[in-house]
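Have a look at the structure below before the remarks.
Residue numbers (the working numbering), protein chains in the order written: chain A, 1 to 707; chain B, 1 to 707.
Quick look at the structure:
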């Protein structure tokens, strides 16, 4: 029965996504003007994704050939290139579907918000839900497909290179090993796609946002989303390709990564097939719990920020409680009471995720002191708000690090790590699965933000009543906090998953050569140098992605300035700006600039492996995970805080809109944009992709290496 | 003969410092007005140091008692508390002397610059030289003193708890172990003092600088160092207490730390007393080479930036060549031709230091592309220059990490690490000594910067001819590049020294319990959690120090604004501002704000040890070293680049002073101030102090720990 939970759960998730899509479609799109704007956004987003997927297809084709050749040389099995491509395909598909529904929900949300806050919330949240359930549904479907296909294939001992009269236990162990090993490549495909989507989408959205704000708000002094701003459509397209499609691909990767990396540890931990089913079943339970939870998200008119947040939270917390209750019988009956410690591992992950969310909110929401003080520092100008925001972001790293640290120790020791090292690692992997089990609903609360943001833009551009904009603003500003929380989940689970992947890497090496002489002592020179290089990688990666945003934004700024200068009557509203050029400029910039960081993630682990060998790679992976975790949290929270500080001032504090404080806060927000939406969230993909590349190329590295 | 090189070298260094002091004193102080200003700066600096040393004395008194009690409990010997205090005393003394000479050289430099560029350079460089040679002289003197004292004391086997008829080899081994172990505490004292001096001085100088700039330059629109600015004296005091006294204490710590951490590895590497002499002798050779090199620093009138840099470089490079030549016979005759591989270790450190300097210059000097592009990005405003500066800083981490990585591998393997692990570690330590061997002269080229900066301030305030200010500006702007180079040295050597200290920690544990069951595998949970916590520590530390600057600067801004508002006729130059209040405000703010970061550095390693045990501490140290190294380089280079981008614009590019580009660049510079002068350089002290605290408290941790 355990076996079929996953495919059944995935189908239910997809059906629920279809149901939510119908809910969204039922709502009306509003006036003709609104429909026109919505169509323009949709067109831009489609054009972007088309171009992106074309570019990415080339990368996948090249990698397919490389992996195929490597399979030919005996370093890999022939499933690997195919698994790699399907992983990428489904990750991209998740983003695409999410984007489709988001672009069709934006005008509908604006229209519904014209009726009531709750109506607006329901449409936006349903659209977010489509995304959430498509991600978990497709993820689990793909995992199930490959699992059952490979299980069928390897049912024949000959396909494993074993004789027909091998013992049942040995056969199972070899089967699970072969299956999970192939599935890790599937994860590498998903991670590669996610990296492109996050980085490319992140560059697009932030270049457009920064470009629109810098000229429109700061220089010309027109409001946000003003239809006279030539970059306004590009900005709204950006929300969809970055914050929706990018995030979808990203969390698809996190979800799938946590499940398969845990499954991959099942052999070493001695759980066999059951050890593979458990994370898959956990995911299925999480889907059902998320569906139930999502029915509890609603609010009444005139709800305050706090009420709205409570409405969203209610759904997540109810789901979490359901998971906490049902995970117990799952472990008890699934693996037996001896292994009930694994329940503590799941619980530690679940609780850690929630705690990280709470601390994230503490540092980024205007109901608490850190954000108020940050806003206050705008009084002494842009420089002090930048200094204090950086400081806030850095300070906010302590809690997640300690929480994840405790979660590692609890899940390790509760799972019997003290007696058997590999069981402890399996527990760590399972805690990541526990943390992400609520993904269906947390992603819904996260993805609803950009939909509301877009709706606000449409309300502004279509000239709707001010009360509509107020309602969409209420929905949107909450989105910053839920987005920061979502990023906390993503990076927290990434740290745990990365550890499971490092362990998988070591098992992979052991499978290839059971007598391999590891020297993973942290003071051995290869490990140390690897550690140094690894710790610097997230910085390099962030440097490349930030520079990409900087460069792209600069080109948009120049274009917007040009339009204001050359198109007569634009500022007076007598002439139409040329939206298309801005969208096209962003698309081309994003395509070009995403190449370097993505290639870095794939090439560096191979180069480090060739130079420093397996031990050096382990050092690099640990270093990148430790420093990347901290850097990603810092960037996400500093960015979120700057954005909310600006919103806090716009709400009328320290002089409100147009004041000097506001100008300073806009600078902070602009710096924060690439922090929170480009570089920060990409780092969590990076640290997993490094491990997956290392795993896939381990055969090559073991044959050729300097140290 | 080897034995006496160190004390003789130290005395020569101090005598040379006396000679240079006389050179400085010979120069005239200029007009009465200049003398008055110089006195005001001196008074402020003295007042600050007096208050700082009083505060620090309390910390040292408490630590003395704690260490004394721990000695009473048998965790330490009774030398430890005394060694701790002397280390702190000499570190503070180095800073104090440097500050004294710098404050007496500022007016003299301004006056000499009135004659010629070369005359100004000679005075400023001589003052910097006093600092450089006092630091190396006192450092080596203190090490020599303790070494000979402890050697005399432990000549009696009974004092080591050994019987009288112990074998000579065993006696030597026990002696060296006991001596170097006590000397490490001396390093902990120096590091603690350095941390206070760097952090406190850094907060003072940047709070004053930011405060003066934000109101004076940005809001009121008066030039830098304008006597009407109430914070102008505080700003000049800051150069002396932060960039001189703070840096002196910092590099004293680096210098001493590298020597004693290498010496502490002598036993495990089997070199005995000779292994202790070698780093000390290397330091002595470096002193002589630096003295010779310093005579080559001179230039002619009308020299370009590039010529001036060449003049300064010439001295360093000649010193480096002398060291490279003489280190060969030192190893050959000192340890024998079998160990000539250690020469490669020294050389790798020396070369690595120079290469780091070159890359630092590439990223921070306006003769190269990165800086030009950064300045160009000011065209699109403050936000883009911040984004691009962060990106530049992050990108600049790759080269130092790779260089240090290669240096680790070369020195490890050349020293025979492949055959005997401990010999390799000794080699890594020696490479740090090699890197810092030119410290006498590199510190002189570094410390001359703030003297020139102060001279410029005095020239401005005393109303000297514009040509004088031009010359001091030429000297000063070079100071940013030499300062960034100096920071590169400090952090590069810190990474190597920290590794030697981690190794010393492990040996210390082994001495206490030869059967201690280490589990330093990088994937074991205690090590991993330690690694995560360690990687986050530099971020937390930077958060605290940056917030400290932010808070202090805010109070200065408000005070300066108050004075401009309340003192009638101030802006018209008819009334005098109240300089004293600003100095006092900075002093109090720095005192208060330096406590939290300093305590963090001492308390966290003890807490981590109590919770995660020895293995967790090793993980923490490695994590802090890896992430701290990268973060420190990033902050130092981003800060240096912003400062120079501003200067580049002030030189007439992109509209020059007062343009919008300039305003954007000032925001960048202001953000960069705490990056490069407070948080960044303190991190290199932090990562060593963490190790030293761990070593001193190892006995306690081994008795009480959770994991």
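Cβ coordinates follow ideal geometry from the N, Cα and C atoms, glycine included.
- With its beta carbon less than 8 angstroms from one in chain B, residue 412 (chain A) belongs to the interface.
- Residues of chain B whose Cβ lies closer than 8 angstroms to the Cβ of residue 493 (chain A) do not exist, since the nearest Cβ in that chain is about 14 angstroms away.
- In this structure, DSSP gives residue 229 (chain A) a state outside helix and strand, which the three-state scheme calls coil.
- Non-local C-beta neighbours of residue 355 (chain B) in its own chain, meaning closer than 8 angstroms and more than five positions away in sequence, comprise 399, 403, ordered along the chain.
- Using beta-carbon distances, residue 409 (chain A) counts as an interface residue toward chain B, with a partner under 8 angstroms.
- Within a 10 Å sphere around the beta-carbon of residue 565 (chain A) sit fewer than 16 other beta-carbons, which makes this residue exposed.
- Using a CB distance cut-off of 8 angstroms, residue 387 (chain B) counts as an interface residue toward chain A.
- Here residue 46 (chain B) is not bridged, per DSSP, to any residue.
- Residues of the same chain with a CB within less than 8 angstroms of the CB of residue 59 (chain B), apart from the 5 flanking positions on each side, are 192, 196, 598 in chain order.
- Neighbours of residue 618 (chain A) across chain B, judged by C-beta separation under 8 angstroms: 522, 523.
- Bounds of the alpha helix (DSSP H) holding residue 400 (chain A) are 398-414.
- If you compare the alpha carbons of B:395, B:129, B:186 with that of residue 446 (chain B), the shortest gap goes to B:129.
- The Cβ neighbour count for residue 300 (chain B), taken over all protein chains shown within 10 Å, is under 16; the residue is labelled exposed.
- For residue 618 (chain B), the CB contacts under 6 angstroms within the same chain, skipping 5 residues up- and downstream, are 520 in chain order.
- The C-beta of residue 348 (chain B) comes no closer than 8 angstroms to any C-beta of chain A.
- Neighbours of residue 671 (chain B) across chain A, judged by C-beta separation under 7 angstroms: 383, 386, 387.
- A direct Cα-Cα distance of roughly 36 angstroms separates residue 256 (chain B) from residue 35 (chain B).
- Within the segment 368-402 of chain A, the alpha helix (DSSP H) runs of at least 4 residues that lie entirely inside it are, in chain order, 369-376, 382-395.
- Annotation for residue 106 (chain B): 38, 41, 451, 454, 455, 458 place their beta carbon closer than 7 angstroms to its own, counting only its chain and skipping 5 residues before and after.
- Of the residues B:369, B:331, B:234, the one whose Cα lies closest to the Cα of residue 577 (chain B) is B:234.
- Comparing C-alpha distances from residue 68 (chain A) to each of A:684, A:528, A:479, A:84 shows the shortest one belongs to A:84.
- Per DSSP, reduced to three states, the secondary structure at residue 521 (chain B) is strand.
- With fewer than 16 other CB atoms across the displayed protein chains lying within 10 angstroms of its CB, residue 165 (chain A) is exposed.
- For residue 593 (chain A), the closest of A:615, A:461, A:545, A:236 by C-alpha to C-alpha distance is A:545.
- Residues of chain A whose Cβ lies closer than 7 angstroms to the Cβ of residue 391 (chain B) are, in chain order, 543, 546, 547, 550.
- Against chain B, the beta carbon of residue 499 (chain A) has neighbours under 8 angstroms at 523, 528, listed in chain order.
- Under the Cβ criterion of 8 angstroms, residue 138 (chain B) is not counted among the residues facing chain A.
- Closer than 9 angstroms at the C-beta level to chain A, one finds these residues of the segment 500-517 of chain B: 502, 503, 506.
- Residue 284 (chain A) sits in a helix when the DSSP states are folded into three classes.
- The C-beta of residue 424 (chain B) comes closer than 8 angstroms to at least one C-beta of chain A.
- Measuring C-alpha to C-alpha distances from residue 344 (chain A) to each of A:416, A:55, A:468 identifies A:416 as the nearest.
- By the Cβ-count criterion, residue 32 (chain A) is exposed, with fewer than 16 other Cβ atoms from all chains shown falling within 10 Å of its own Cβ.
- Taking 8 angstroms as the CB threshold, residue 688 (chain B) stays off the interface with chain A.
- Inside the segment 222-273 of chain A, DSSP marks whole alpha helix (DSSP H) runs of 4 or more residues at positions 232-238, 247-264, from first to last along the chain.
- It is roughly 11 angstroms from the alpha-carbon of residue 214 (chain A) to the alpha-carbon of residue 669 (chain A).
- Taken through DSSP and simplified to helix, strand or coil, residue 165 (chain B) comes out as coil.
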